[in-house]
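Visitor: Sequence positions in the sequence shown follow numbering that gives the first Met the number 0 and run 0 to 446. Right, I'll just put the structure down here and ask away after.
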Amino acid sequence: MFSGMGHSRRLALVSLITLVPVAIADEPRRPADSAGGKPHALLMAQRAREAIRTSRLEILTREYPVTGGAAAFRTWRSAGSDVLQIDRGDERGVLMRSRAGPEFDVRALRYQCAMGDEVWLRTEDDDDVFVVSRDQPQFLLLDLRCLGLDPTTFDNLTFEQNAAKTGLTLSWSEAPDGDLVKVTTSAQDGGFMQWWIDPARDWSVVRTRVGMGAEVWYESVVTLQKADGVWFPSRVQVLPGGSDPSEVVAEIEVLAAEFNRPEHPQRFTPEDIGVETGMLLHWRDESRVWDGEKPVTTEEYFERRRRGEIQPGPTVLRSFARHRVQAEKLEQASSAPATAPATTRPAPRELAEWEAYVVAFIRRHDLDAGQTERALAILRDCQDLAGNALRRIEFEIGEATGPGARAAAEERARRAREEVQRIFERRLVPRLEALLTSAQRERAVPG
């Protein structure tokens with residue numbers, strides 16, 4: 000099951016318990032039935048979770064080897080096969096920290112919602128929405144319906160799939176252990192997993208263990224609570240095998256839980272993650288616009304907007320206004336001469352050229368007011384990405400000291416300039432092109 004995995008890989012496996020992105024299944028992944036050898040107790044544990052049709056959880060996760068116990072808060076909801084997750088960042092609301100310093104930290108809510116065969120993703124106050132296939136690994140989209148059931152991960156049932164991929168055959172056993180039932184599965188390579196299940200509490204798992212041969216790699220301890228008639232973990236702690244029980248390497252705490260309440264939605268919609276009319280959908284390999292009910296082509300959206308049939312939502316309008324003001328300020332600032340040598344700081348001329356490109360694009364294709372607003376919003380978004388790259392360069396060069404530090408910083412600066420060029424080619428230009436109707440493409444004004 001785990002043959003060939005050395006000590007460092009085992010530590011990596013433990014550290015990834017809360018980090019591995021997963022593809023959300025349509026339902027919690029079912030174990031094999033008893034005919035396949037899986038013991039009754041583990042089947043009952045799984046079936047108890049399958050009775051959860053809707054839920055809302057407030058959770059706190061910590062992973063000690065990787066982040067030193069940094070907190071990550073999330074809201075997690077399920078509605079049938081749909082899953083919605085809001086990543087709320089740490090105790091200060093920081094979603095992603097930057098090595099360049101707190102100035103570059105990301106403080107915003109991140110929304111992910113699995114609906115049907117798709118996952119929709121957006122960030123707070125952003126009018127861009129990304130839509131990807133549900134079988135594609137996401138950021139950190141969890142399936143907490145399986146919390147505590149799989150000894151190798153907090154949120155899914157993957158050990159059988161992993162064994163099948165490597166050609167291993169699992170053998171099973173079940174035995175009483177006091178008031179609990181102990182279930183063991185092992186493979187021919189010596190790897191094993193164990194569950195301790197409490198029949199008195201809806202066949203809930205209270206402890207698991209993973210190891211190889213006589214060695215225990217790590218184990219998890221599950222604290223249970225009852226909410227809305229459902230026994231569910233209030234805390235799962237992962238401990239390294241053979242270590243001090245207080246040496247937790249990862250944990251997830253359920254701060255609040257609701258299950259199967261009549262007021263819970265039975266399905267989620269894009270509106271549940273704040274998708275508004277006028278938001279641009281990066282729809283797999285193409286772009287669409289949300290019209291309030293469904294994705295439509297940019298051509299249809301702007302035509303219906305011209306006719307007054309639909310109006311952008313407040314986030315979209317606010318974004319347009321913000322981008323216009325920021326673009327005007329940046330255009331004024333970019334006209335000032337560069338004061339630093341190009342070898343240590345890229346001159347702002349590149350960003351000014353982006354503005355000229357967008358202005359020419361608007362004129363060449365005769366964009367209407369709505370398209371012009373969207374083009375300016377796209378420009379500002381891409382300028383923000385590029386500006387962050389340039390500020391990182393200044394930070395790195397300013398901090399560089401010693402004989403080889405300057406050369407290293409200039410190499411990083413070179414790579415950052417290449418990144419800026421990639422933003423222009425892969426983000427700015429394609430997103431502008433996606434705004435055009437077919438008629439505008441055909442009648443493009445030269446120049």
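C-beta: ideal position from N, C-alpha, C; glycine also.
1) List in chain order: all unbroken beta strand (DSSP E) runs of 3+ residues lying wholly within the region 39-69.
2) Which whole-angstrom value is the C-beta distance of Leu83 and Phe301, which I expect to be below 8 angstroms?
3) Where do the ends of the alpha helix (DSSP H) carrying Leu431 lie?
4) Check Trp353 in the structure and name its three-state DSSP category.
5) Measuring CA to CA, which of Arg87, Glu159, Val237, Thr184 is closest to Thr122?
6) Applying the criterion that 16 or more other CB atoms from any shown protein chain within 10 Å of the CB defines a buried residue, is Arg144 buried or exposed?
7) Tell me the DSSP secondary structure of Leu329 in three-state form.
8) Let me confirm a value: Leu378 is counted as buried when at least 16 other C-beta atoms fall within 10 Å, else exposed. Which label applies?
9) Sort out for me which residues DSSP pairs His281 with in a bridge.
10) Does DSSP put Gln439 in a helix, a strand or coil?
11) Determine whether the beta carbon atoms of Gly147 and Val235 lie at a separation below 7 angstroms.
12) Could you give the residue range of the alpha helix (DSSP H) that holds Arg260?
13) Should Leu254 go down as buried or exposed, given a rule of 16 or more other Cβ atoms within 10 Å for buried?
14) What distance in whole Å lies between the Cβ atoms of Leu434 and Thr297, which are believed to be in contact at a cut-off of 8 angstroms?
15) Can you give the beta carbon distance from Leu238 to Glu218, rounded, assuming they're within the 8 angstroms contact cut?
16) Just to confirm my understanding: we take Arg200, look at its own chain, exclude 5 residues before and 5 after, and list those with CB closer than 7 angstroms. What are they?
17) Can the beta-carbon of Ala78 be found closer than 7 angstroms to that of Leu94?
18) Less than 7 angstroms between the beta carbons of Ile55 and Arg76, yes or no?
19) Would you mind reading off the limits of the alpha helix (DSSP H) that contains Glu299?
20) Using the C-alpha atoms, what's the distance from Trp289 back to Trp353?
21) Put Gln420 into one of helix, strand or coil per three-state DSSP.
22) Please report how far the alpha carbon of Leu316 lies from the alpha carbon of Pro150, in whole angstroms.
23) Based on DSSP bridge pairs, tell me the residues matched to Thr207.
24) Could you check what DSSP says for Arg121 in three-state terms: helix, strand or coil?
25) Please list the terminal residues of the continuous beta strand (DSSP E) segment that includes Pro232.
26) Quick check on Pro261: buried or exposed, where buried means 16 or more other Cβ atoms within 10 Å of its Cβ?
27) Which residues bound the beta strand (DSSP E) around Asp86?
28) Span of the beta strand (DSSP E) holding Gln265?
29) Spell out the partners DSSP gives Leu179 in its beta bridges.
30) Taking 7 angstroms as the cut-off, decide whether the C-beta atoms of Thr207 and Trp194 are in contact.
31) Among residues of its own chain, excluding the 5 on either side of Ala443, which ones have a beta-carbon nearer than 8 angstroms to its beta-carbon?
32) Quick check on Glu372: buried or exposed, where buried means 16 or more other Cβ atoms within 10 Å of its Cβ?
33) Can you tell me where the beta strand (DSSP E) with Arg109 in it begins and where it stops?
34) For Gly68, which residues in the same chain have their Cβ closer than 7 angstroms to its Cβ, ignoring the five residues on either side in sequence?
35) Out of His263, Arg305, Asp134, state which residue places its alpha-carbon closest to the alpha-carbon of Arg52.
36) Hey, out of Glu90, Pro198, Val205, whose CA is closest to Leu447's CA?
Guide: Taking the structure as given:
1) Unbroken beta strand (DSSP E) runs of no fewer than 3 residues, entirely contained in the region 39-69, are found at 53-62, following chain order.
2) The pair is not a contact, with the Cβ atoms about 30 angstroms apart (cut-off 8 angstroms).
3) Counting along the chain, Leu431 sits inside the alpha helix (DSSP H) bounded by residues 428-432.
4) It is helical.
5) Closest by alpha carbon: Arg87.
6) Counting C-beta atoms within 10 angstroms of its own C-beta, Arg144 has 16 or more neighbours from the protein chains shown and is therefore classed as buried.
7) Reliability fails at Leu329, whose pLDDT of 47 lies under 50, so the model's placement of it is uncertain and no value is given.
8) The residue in question, Leu378, is buried, as its Cβ has 16 or more Cβ neighbours within 10 Å.
9) DSSP links His281 through a beta bridge to Phe129, Ser286.
10) Gln439 falls in the helix class under three-state DSSP.
11) Contact check for Gly147 against Val235 passes: the beta carbons are separated by less than 7 angstroms.
12) Under the DSSP assignment, Arg260 falls outside any alpha helix (DSSP H); it carries neither an H nor an E label.
13) By the neighbour-count rule (16 or more Cβ atoms within 10 Å), Leu254 is not buried but exposed.
14) Their Cβ separation, rounded to whole angstroms, is 5 angstroms, which keeps Thr297 and Leu434 in contact under 8 angstroms.
15) About 6 angstroms separates the Cβ atoms of Leu238 and Glu218, confirming a contact at the 8 angstroms cut-off.
16) In the same chain as Arg200, and ignoring 5 residues on each side of it, the C-beta atoms closer than 7 angstroms to its own belong to Leu223, Trp230, in chain order.
17) Ala78 is not a Cβ neighbour of Leu94, given a cutoff of 7 angstroms.
18) In the sequence on display, residue 55 carries Arg and not Ile. Their beta carbons are under 7 angstroms apart, which means Arg55 touches Arg76 by this criterion.
19) Run containing Glu299: 297-305, per the alpha helix (DSSP H) assignment.
20) Taken atom to atom, the span from the alpha-carbon of Trp353 to that of Trp289 is near 27 angstroms.
21) Gln420: helix per DSSP, three-state reduction.
22) Between Leu316 and Pro150, the C-alpha separation is close to 47 angstroms.
23) According to DSSP, Thr207 bridges with Trp194, Ser219.
24) Per DSSP, reduced to three states, the secondary structure at Arg121 is strand.
25) It spans 229-239 - the beta strand (DSSP E) in which Pro232 sits, taken as one unbroken run.
26) Counting other Cβ atoms within 10 Å of its Cβ, Pro261 stays below 16 and is therefore classed as exposed.
27) Counting along the chain, the beta strand (DSSP E) containing Asp86 begins and ends at 81-88.
28) Taken as a continuous stretch (DSSP letters only), Gln265 belongs to no beta strand (DSSP E), as it is neither H nor E.
29) Asp176, per the DSSP bridge assignment.
30) In this structure, Trp194 lies closer than 7 angstroms to Thr207 by Cβ.
31) Within its own chain, the residues whose Cβ lies closer than 8 angstroms to the Cβ of Ala443, once the five positions on either side in sequence are excluded, are Arg363, His364, listed in chain order.
32) By the beta-carbon neighbour count (other beta carbons within 10 angstroms, threshold 16), Glu372 is buried.
33) Looking at the DSSP string, the run of the beta strand (DSSP E) that includes Arg109 is 109-114.
34) Arg61, listed in sequence order.
35) When the alpha-carbon of Arg52 is set against those of His263, Arg305, Asp134, the nearest one is in His263.
36) The chain is shown only over 0 to 446; residue 447 falls outside these bounds and no answer can be derived.
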